[in-house]
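In what follows, a structure is listed as structure tokens, so that the remarks can point back to it.
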Amino acid sequence: MTGDGEDDGNGNGKELIDWEWLTAREVYASELAYRRRQSGMTLVQLAELCLYEQSYLHRLERGTRLGTVEAAGALDRVYGTGMLLVKLWHLAKREVRDRPFLGLAPLEAEAVGIQEYALSAVPELLQTRAYATEQLRTARPGTTALAARVAARMARQARLTDPDPVHYRALIDEAVLRRTARDRHTWTGQLDHLIEAAQRPDISLHVVPFGTGPHHILGSVELLYFPDGRTVAYTQSSLGGHLVEEPEDVEPLRLAYDILRDTALTPTESLTFLRALRDQAPGSTDRPPGGVTP
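My numbering applies: residue 241 is where the sequence shown begins, and numbers increase by one.
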């Protein structure tokens with residue numbers, strides 16, 4: 241089938257494209273590139289008309305960035321295409337939102353930095369096997385599925401201890417630390433593990449105490465930083481997880497995370513907080529050590 245692109249041999253400025261396998265994002269990028277070629281404009285000229293940077297427009301045409309709906313609207317006005325590009329943008333955006341997510345492990349394996357905020361449970365990268373088993377069991381999976389999920393979660397944690405470990409920062413809401421495990425030994429073991437992890441050189445652990453008040457992050461968030469400068473986010477709620485890749489969508493999450501980090505306890509204060517919790521756990525001494533009182 242013939243579509244927008246280079247010459248098809250008849251001087252029509254077309255190329256043969258297998259439309260069956262094109263994603264909505266590729267169609268959008270192809271249309272952007274085709275409309276500019278048809279207009280005879282260079283990227284420099286287009287940038288002057290729509291007030292977006294040349295490099296930004298180039299990434300839109302290559303499909304390496306989806307951009308904003310506002311940019312699509314500006315290009316519609318320049319090319320006189322009505323709402324065509326805006327409609328294609330929405331199709332591409334919906335496609336990204338609805339595509340299946342293959343898991344965090346491949347992303348964490350490539351990341352050079354991971355920052356996480358945990359709202360309702362100990363961060364998965366810091367869970368003990370016993371705690372992970374108890375948490376995953378609440379979803380009522382079968383025995384085989386439970387074992388597989390626990391094993392997968394434990395395998396992800398190797399990224400924190402391999403010869404070139406990722407730098408990991410975790411903000412742990414106080415609510416997580418007040419919601420103990422059902423089994424006493426599971427919980428004391430989990431606290432011991434957090435205390436040990438908080439002392440590793442490549443891990444920064446912050447407790448977000450109740451006293452910090454309300455904040456803008458309403459669910460668990462994981463930010464992953466890659467060697468090429470790209471950042472993606474994974475948000476999670478009771479409705480499931482969602483991978484966020486577009487810079488325009490990731491940046492507000494990064495800002496909210498940084499603001500929350502600034503209100504959290506320092507790593508030293510957080511370690512004192514965890515040790516006090518551990519001393520107050522069932523079976524431990526009832527008198528907490530000096531420092532931050534939990």
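The beta carbon of each residue, even a glycine, is placed where N, CA and C say it ideally should be.
Gly343 and Gln476 have their alpha carbons spaced roughly 12 Å apart.
Straight-line spacing of the CA atoms in Val267 and Arg276 works out to 14 Å.
Per DSSP, Asp402 is not a residue of any alpha helix (DSSP H), being assigned neither H nor E. Asp519: member of the alpha helix (DSSP H) spanning Pro507 to Gln520, first to last residue. DSSP places Ile443 inside the beta strand (DSSP E), whose first and last residues are Ile443 to Val448.
The DSSP-derived three-state label of Arg470 is coil.
For Tyr465, DSSP records a beta bridge to Gly353 and Thr471. For the pair Arg265 and Leu306, the CB atoms are nearer than the 8 Å cut-off.
When C-alpha distances from Glu364 are compared across Tyr296, Thr506 and Glu462, the shortest belongs to Glu462. The straight-line gap separating the alpha-carbon atoms of Ile435 and Glu485 is approximately 33 Å. With contacts defined by Cβ atoms closer than 8 Å, Arg399 and Val390 do not form a contacting pair. Ser510 is positioned such that its CB atom lies no closer than 8 Å to that of Leu431.
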